[in-house]
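A.B. asks: Chains as they are written, first to last, in our numbering: chain A, 48 to 266; chain B, 48 to 266. One structure coming up, written as structure tokens, with questions to follow.
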DNA sequence: GACTCTATCTCGGTA
DNA sequence: TACCGAGGTAGAGTC
């Protein structure tokens, strides 16, 4: 990894056009050839960047970075304050817990949390427009399609509504209902779900995980 | 801005939980107190980060960063390879061209590009569920609601369909039609638009801008 | 390669 | 503050 601190102006032409006036910034060049320009605020997003693969042409005061998609980043260096190189090696990578997949897994193991009497038929049940997260049989004999999201927003409701449109074409599933499940569901999404004739249910991830752990402790 | 290159292990507990095993990485601490940890690949996304405002507690081999939301990042330093400080100053900021707002502006100035005979009634016409990008009067006397997107995807079509549902409740608007406008519209979005009874139109941003510039040159 | 969906999404606007 | 929408979304997975 190469770290250059320099007074520079930057120009990007690609998916849009942007200009950075002269100022002091950090230019980060990684082993894979990607380039990011950071200001001294905002942890996440670089001001400008170019993802690998890149062709970097470098002269004393001007870098031209271009990629196969035809995007171009031009950095004009007015003064270099620091230019260092570091060997980092491969990163073993990040391991995560708490994402949608895990929530879906917990609910698949215990669909009663969503509605009493639910029994899992299938996970990732295929339709022409994508897989339905969970398909269950309800106590009343109806089939229940469940869309699981970490955060319940309007798109998730639309997604579930589209799945149901397609599922209803398959008469073998009998009476169909839809339930939208998330850790928290925004008011707009609740309203839309109700207008679309869908039920919704908020579930607590920590509680669900705790419950699961407790159950495992019994054995 | 402080740049530390170090062998470290990192632990994040907050919106999810994550662990980074021991490896050499760049730790970037910005003037506003935000922290980002970068591996030597992928320009954009840090492995871990904490946005400002942060409380940073630092000892020789362990940093604890916490924020008011209760998120915590713990960095254990096994070996510091480099630790430098740089004064960057405020950044004058990025100026952009080519975003949706500008596209909407160009279309508002020249709605005939969408359909011959269209005359603008209103931009950002308010409804209970949000503003309609453009509302126009057509040559045939009907009212046309237009949703403008840079990229035409399925959500945009749903959005326009929802707006029309609400607009139809207002009988003063007369006969209503919807047109979905974008620089490029995906096949799925076209199909959905047609099923929902909506028209769609692809427009060329550069051409539109060029045309506008040409018109201005006439004066 | 194209298309899909997720994200500690980030970031900016607004009520 | 919360909600909502755009993003050069990026990045991962699937077909």
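Just so it is clear, CB atoms sit at the ideal spot from N, CA and C, and this is done for glycine as well.
Locate the alpha helix (DSSP H) running through residue 207(B), then write down its first and last residues.
C.D. replies: Taking the second chain and counting its residues from 1, the one referred to as residue 207(B) is at position 160. Run containing residue 207(B): 201-214, per the alpha helix (DSSP H) assignment.
A.B. asks: Where DSSP assigns a beta bridge to residue 58(A), which residues make up the other side?
C.D. replies: Taking the first chain and counting its residues from 1, the one referred to as residue 58(A) is at position 11. In the DSSP output, where bridge partners are listed per residue, residue 58(A) has 66(A), 121(A).
A.B. asks: When you check each C-beta in the segment 129-140 of chain A against every C-beta of chain B, which residues fall closer than 9 Å?
C.D. replies: 129, 131, 133, 134, 135, 136, 137, 138, 139, 140
A.B. asks: Using only alpha-carbon positions, find the residue among 208(B), 59(B), 195(B) that is nearest to residue 170(B).
C.D. replies: Position 123 of the second chain holds residue 170(B). The option with the nearest alpha carbon to residue 170(B) is 195(B).
A.B. asks: Would residue 61(A) count as contacting chain B if we go by Cβ distances under 7 Å?
C.D. replies: As a working mapping, residue 61(A) is identified with position 14 in the first chain. No - not a single Cβ of chain B is within 7 Å of the one on residue 61(A).
A.B. asks: Does residue 101(B) get closer than 7 Å to chain A when you measure Cβ to Cβ?
C.D. replies: In the second chain, counting from the first residue as 1, residue 101(B) sits at position 54. For residue 101(B), the nearest beta carbon of chain A is not closer than 7 Å to its own beta carbon.
A.B. asks: Sort out for me which residues DSSP pairs residue 83(B) with in a bridge.
C.D. replies: Along the second chain, read from residue 1 onward, the residue named residue 83(B) stands at position 36. Residue 83(B) pairs with 75(B), 96(B).
A.B. asks: Against residue 248(A), what residues of chain B qualify as contacts under a CB-to-CB distance less than 8 Å, listed in chain order?
C.D. replies: Taking the first residue of the first chain as 1, we reach residue 248(A) at position 201. The premise fails here: residue 248(A) is roughly 21 Å from chain B at the closest Cβ pair, so nothing lies under 8 Å.
A.B. asks: In chain A, which residues lie less than 7 Å from residue 236(B) when you measure between Cβ atoms?
C.D. replies: Looking up residue 236(B) in the second chain gives position 189. Result: empty, since nearest Cβ-Cβ is about 13 Å, beyond 7 Å.
A.B. asks: Report buried or exposed for residue 242(A), applying the criterion of at least 16 other Cβ atoms within 10 angstroms of its Cβ.
C.D. replies: Position 195 of the first chain, counted from the first residue, corresponds to residue 242(A). Exposed is the call here.
A.B. asks: Cβ of residue 135(B) within 7 Å of Cβ of residue 75(B)?
C.D. replies: Start at 1 with the first residue of the second chain, and residue 135(B) comes out as number 88. Start at 1 with the first residue of the second chain, and residue 75(B) comes out as number 28. Their beta carbons are not under 7 Å apart, which means residue 135(B) does not touch residue 75(B) by this criterion.
A.B. asks: Is there a Cβ of chain A sitting closer than 7 Å to that of residue 96(B), yes or no?
C.D. replies: The residue given as residue 96(B) occupies position 49 in the second chain. So yes, residue 96(B) belongs to the interface.
A.B. asks: From the beta carbon of residue 76(B), is the nearest beta carbon of chain A less than 7 Å away?
C.D. replies: On the second chain, position 29 is the one that residue 76(B) refers to. With 7 Å as the cut-off, residue 76(B) does not count as an interface residue toward chain A.
A.B. asks: Would you say residue 70(A) reaches chain B, if we count a Cβ-Cβ gap shorter than 7 Å as a contact?
C.D. replies: The residue given as residue 70(A) occupies position 23 in the first chain. True, the Cβ-Cβ gap to chain B drops below 7 Å.
A.B. asks: Residue 183(B): which of 176(B), 172(B), 177(B) sits nearest, CA to CA?
C.D. replies: As a first step, residue 183(B) is located in the second chain; it is residue number 136 there, counting from the start. For the residues 176(B), 172(B), 177(B), the minimum Cα distance to residue 183(B) belongs to 172(B).
A.B. asks: Quick one: list the residues of chain B neighbouring residue 200(A), beta-carbon separation under 8 Å, in chain order.
C.D. replies: Position 153 of the first chain, counting from 1, holds the residue named residue 200(A). Those do not exist, as residue 200(A) stays about 11 Å from chain B at its closest Cβ, beyond 8 Å.
A.B. asks: Should residue 252(B) and residue 230(B) be called a contact, given that it needs their Cβ atoms to be closer than 7 Å?
C.D. replies: In the second chain, counting from the first residue as 1, residue 252(B) sits at position 205. In the second chain, counting from the first residue as 1, residue 230(B) sits at position 183. Yes, they are a contact pair.
A.B. asks: What residues in the segment 182-196 of chain A have a beta carbon less than 9 Å from any beta carbon of chain B?
C.D. replies: none
A.B. asks: Could you tell me if residue 255(B) is buried or exposed, where buried requires 16 or more neighbouring beta carbons within 10 angstroms of its beta carbon?
C.D. replies: Taking the first residue of the second chain as 1, we reach residue 255(B) at position 208. Answer is buried; the Cβ neighbour count reaches 16.
A.B. asks: According to DSSP, simplified to helix, strand and coil, what is residue 187(B)?
C.D. replies: Locating residue 187(B) in the second chain gives position 140, where the first residue counts as 1. DSSP places residue 187(B) in coil when its eight states are reduced to three.
A.B. asks: Counting only beta-carbon atoms, is residue 66(A) nearer than 7 Å to chain B?
C.D. replies: For the purposes of this step, residue 66(A) is identified with residue 19 of the first chain, where counting begins at 1. Interface residue, yes.
A.B. asks: Quick one: list the residues of chain A neighbouring residue 244(B), beta-carbon separation under 7 Å, in chain order.
C.D. replies: Residue 244(B) sits at position 197 when you count from the first residue of the second chain. Correct list: empty, because the minimum Cβ distance to chain A is about 16 Å.
A.B. asks: Which residues bound the beta strand (DSSP E) around residue 249(A)?
C.D. replies: Locating residue 249(A) in the first chain gives position 202, where the first residue counts as 1. Where residue 249(A) is concerned, the enclosing beta strand (DSSP E) stretches over 246-249.
A.B. asks: Of all Cβ atoms in chain B, is any one closer than 7 Å to the Cβ of residue 142(A)?
C.D. replies: Working through the first chain from its first residue, we reach residue 142(A) at position 95. For residue 142(A), the answer is yes, since a Cβ of chain B falls inside 7 Å of its Cβ.
A.B. asks: Any beta-carbon of chain B closer than 7 Å to the one on residue 228(A)?
C.D. replies: Here residue 228(A) is taken as the residue at index 181 of the first chain, counted from 1. It does not; no Cβ of chain B falls within 7 Å.
A.B. asks: If we define contact as Cβ-Cβ less than 7 Å, is residue 108(A) a contact residue for chain B?
C.D. replies: Your numbering for residue 108(A) matches position 61 in the first chain. With 7 Å as the cut-off, residue 108(A) does not count as an interface residue toward chain B.
A.B. asks: Spell out whether any CB of chain A is found under 7 Å from the CB atom of residue 45(B).
C.D. replies: No statement about residue 45(B) is possible, as the shown extent of chain B runs from 48 to 266 and does not include it.
A.B. asks: Kindly indicate which residue of 179(A), 181(A), 235(A), 177(A) has the alpha-carbon position closest to the one of residue 201(A).
C.D. replies: As a position in the first chain, residue 201(A) is number 154, starting the count at 1. Residue 201(A) has its Cα closest to that of 235(A), out of 179(A), 181(A), 235(A), 177(A).
A.B. asks: How about residue 145(A): is its C-beta nearer than 7 Å to some C-beta of chain B?
C.D. replies: For the purposes of this step, residue 145(A) is taken as residue 98 along the first chain, with counting starting at 1. Output row for residue 145(A): interface = yes.
A.B. asks: Look at the alpha carbon of residue 58(B) and the alpha carbon of residue 69(B), and state the distance between them as a whole number of angstroms.
C.D. replies: What you label residue 58(B) is simply residue 11 of the second chain in a count that begins at 1. What you label residue 69(B) is simply residue 22 of the second chain in a count that begins at 1. So the two alpha carbons sit approximately 11 Å from each other.
A.B. asks: Run through DSSP, which three-state label would residue 243(A) get?
C.D. replies: Residue 243(A) sits at position 196 when you count from the first residue of the first chain. Reduced to three states, the DSSP call for residue 243(A) is coil.
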